[in-house]
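First the structure, in the form of structure tokens, and then the observations on it.
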Amino acid sequence: MKLGLAAFLTLLPVGVTSFHLPTYSTSSTTSSRSSSSSSSTQLYQFGTLGFDTANLYSRSEEEQIKSRNEIMSYLSKLASSSPPVVLRQHLGNTVVISGFNPEEPASQEILAFLNNEFSPHLSNTFSKIVAHVDDVKMGKKRLISRSARYTGLLDKLDFSQSESSGALPTLAQLEGVSSWVAHVDGGALSKVEEIMAVAEQAESVKNVAILVSGAQNVKGEELKQVEDMMKSKATTFQYTLVVVPEWNDEPEAITAFGIVNVTDVVDETPFGEGAAASFSREESLRIITEALAIDKAAGKCVVATAAPDAKSVESMLVQGMREIGFDRLQEVEHMITRGVKGYNDMLSTEKEGQAWEKAPEPTDEEKAFAAASKEEKMTLLRQQKQDVEKENELKSLAREWAKREFLRKSLKRRIPISEEEFIEIVWDRAMFEADLKYRTMSGLAVNESEERAKFKEEQKARKAAAYKKEQDRWNSMTTEDVEPTEQTTVTFGGGM
Numbered sequence: 161m162k163l164g165l166a167a168f169l170t171l172l173p174v175g176v177t178s179f180h181l182p183t184y185s186t187s188s189t190t191s192s193r194s195s196s197s198s199s200s201t202q203l204y205q206f207g208t209l210g211f212d213t214a215n216l217y218s219r220s221e222e223e224q225i226k227s228r229n230e231i232m233s234y235l236s237k238l239a240s241s242s243p244p245v246v247l248r249q250h251l252g253n254t255v256v257i258s259g260f261n262p263e264e265p266a267s268q269e270i271l272a273f274l275n276n277e278f279s280p281h282l283s284n285t286f287s288k289i290v291a292h293v294d295d296v297k298m299g300k301k302r303l304i305s306r307s308a309r310y311t312g313l314l315d316k317l318d319f320s321q322s323e324s325s326g327a328l329p330t331l332a333q334l335e336g337v338s339s340w341v342a343h344v345d346g347g348a349l350s351k352v353e354e355i356m357a358v359a360e361q362a363e364s365v366k367n368v369a370i371l372v373s374g375a376q377n378v379k380g381e382e383l384k385q386v387e388d389m390m391k392s393k394a395t396t397f398q399y400t401l402v403v404v405p406e407w408n409d410e411p412e413a414i415t416a417f418g419i420v421n422v423t424d425v426v427d428e429t430p431f432g433e434g435a436a437a438s439f440s441r442e443e444s445l446r447i448i449t450e451a452l453a454i455d456k457a458a459g460k461c462v463v464a465t466a467a468p469d470a471k472s473v474e475s476m477l478v479q480g481m482r483e484i485g486f487d488r489l490q491e492v493e494h495m496i497t498r499g500v501k502g503y504n505d506m507l508s509t510e511k512e513g514q515a516w517e518k519a520p521e522p523t524d525e526e527k528a529f530a531a532a533s534k535e536e537k538m539t540l541l542r543q544q545k546q547d548v549e550k551e552n553e554l555k556s557l558a559r560e561w562a563k564r565e566f567l568r569k570s571l572k573r574r575i576p577i578s579e580e581e582f583i584e585i586v587w588d589r590a591m592f593e594a595d596l597k598y599r600t601m602s603g604l605a606v607n608e609s610e611e612r613a614k615f616k617e618e619q620k621a622r623k624a625a626a627y628k629k630e631q632d633r634w635n636s637m638t639t640e641d642v643e644p645t646e647q648t649t650v651t652f653g654g655g656m
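In terms of the working numbering, the sequence shown is residues 161 to 656.
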């Protein structure tokens, strides 16, 4: 009769605290234990991961990882060597938007992009934004919202009414307008020629950015004809054309995108089918507004497509730029001026230059060291870009606080200095308030009362030091410094 361990323990008399179980030393038990011991020992023989990393990825996954690492290395070199984005010189301070229906979300989104506080190259440039609509009353009802008041858009926004439904602005309405963002829906490329003709006649217009949506059925040959037309008609202004398929409601920066110059389009149907046959509305508006400001985007006619496949080069390029710390302006400039074609050209150049000599394969130690160095460089680049972004945001918050303070004080009594002079005087206080607000919004610890008391003490100490320095300067001055000797030389004029 065999008893289990639990049953055996229940049969023990009360008070028994120790016992001996019989032991068996058969060859099968010994062999099973030794094999179990060897297998458990073998489990921890492969580095720090605790398991054998050989054949961990399939061949296709290894190729994808290799491609991604090459792209990250390529982008890191660009980030460290590329100059800042050059902006167009003649954007002016007035921009008009046309082709946007106030009853659709695109009209509010385009205004938000042009007045975005995180895009100072646009929001600080344009002091007046004119919405050209079919019905001014409806436009004001839809576009003047609470957010327009809070963001300062209300101070910039103006309206002009078209002479007929869908009509372009007249020359009189374009007078004084320096930049123009035009939207053409339904892939109506014939409308582009009308826009070019009006812009050519408007003396003040220097920049035109045209966004064509719903162009999923447009042929590649039609796009090339439009590009030739734009090159021949634009003599007094710079232009940028962006063509996208049907819009979808996906927010910006969710799906990666690819941009191809019209001259490089080889397919008869550039947009293909499936997910790539539609494009994020917000993303297209972001691209066209950033392209309006980018100097290298002038004269470009491009096609933008979605890149939902994470294995595609477009997706790896865009995601890599976002990981490294490219802002949206840099991202759009890179995709318009280089994109996938620039990356492939770089690979071809490297292959041609190195075809005569094959470099030795690096050792595991060299690979590990290179990976660590690359990670450190990328971390440093990210930190530098984050520091610059933080500094810019702090300055923006500081200016907002100083402007509000100037308005508050000027409502109480007249201030005998300009707003800019006031901002310069209170700049230290403004930066202090901006830092408090930034850390509060970021969820960081803030001891406001203690920090304000410390700031006041520091300001008193600086004021006292400045007063002492000025007092010493006055005490060291002589009579000649205060009252310089008069000129006693008499000069007689000639010809008298």
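Note that CB positions come from ideal geometry on N, CA and C, so glycine has one too.
Going by beta carbons, L349 and E323 fall outside the 8 Å limit. Listed as beta-bridge partners of L445 by DSSP are no residues whatsoever. Contact between S338 and V365 holds: CB atoms are separated by about 7 Å, below the 8 Å threshold. Approximately 11 Å separates the beta-carbon atoms of V463 and I496; this is outside 8 Å, ruling out the contact. Secondary structure in the segment 344 to 420: the beta strand (DSSP E) runs of 3 residues or longer, each lying completely within the stretch, are 367 to 372, 398 to 403, 406 to 408 in chain order.
A direct Cα-to-Cα measurement between D388 and V422 gives close to 10 Å. Around the C-beta of H250, fewer than 16 other C-beta atoms lie within 10 Å, and the residue is accordingly described as exposed. According to the DSSP assignment, K288 belongs to the beta strand (DSSP E) that extends over 288 to 293.
Restricting attention to G499, L557, R574, the CA atom closest to the CA of F592 is found in L557.
The residues K288, I289, V290, A291, in chain order, have a CB closer than 8 Å to that of D318 in the same chain once the five nearest residues on each side in sequence are set aside.
In the same chain as P411, and ignoring 5 residues on each side of it, the C-beta atoms closer than 6 Å to its own belong to E442, in chain order.
Below 8 Å, too few C-beta pairs join the segment 292 to 304 and the segment 565 to 579 to call them touching: fewer than three. Here G374 has D345, G346, G347, E406 as same chain residues with Cβ atoms under 6 Å from its own Cβ, once five neighbours each way along the sequence are excluded. Counting along the chain, A272 sits inside the alpha helix (DSSP H) bounded by residues 265 to 274. One thing to note: R248 has its Cβ within 8 Å of the Cβ of D455. Beta-bridge pairing by DSSP links F319 to A291. Straight-line measurement puts the Cα of L541 at about 25 Å from the Cα of S472.
Closest in C-alpha terms to A416, from the list S220, V492, L282, Q479, comes Q479.
A straight line joining the alpha-carbon of L507 with that of E264 spans about 44 Å. Distance from G312 to N253 at the Cβ level is roughly 14 Å; contact not present, criterion being Cβ atoms closer than 8 Å.
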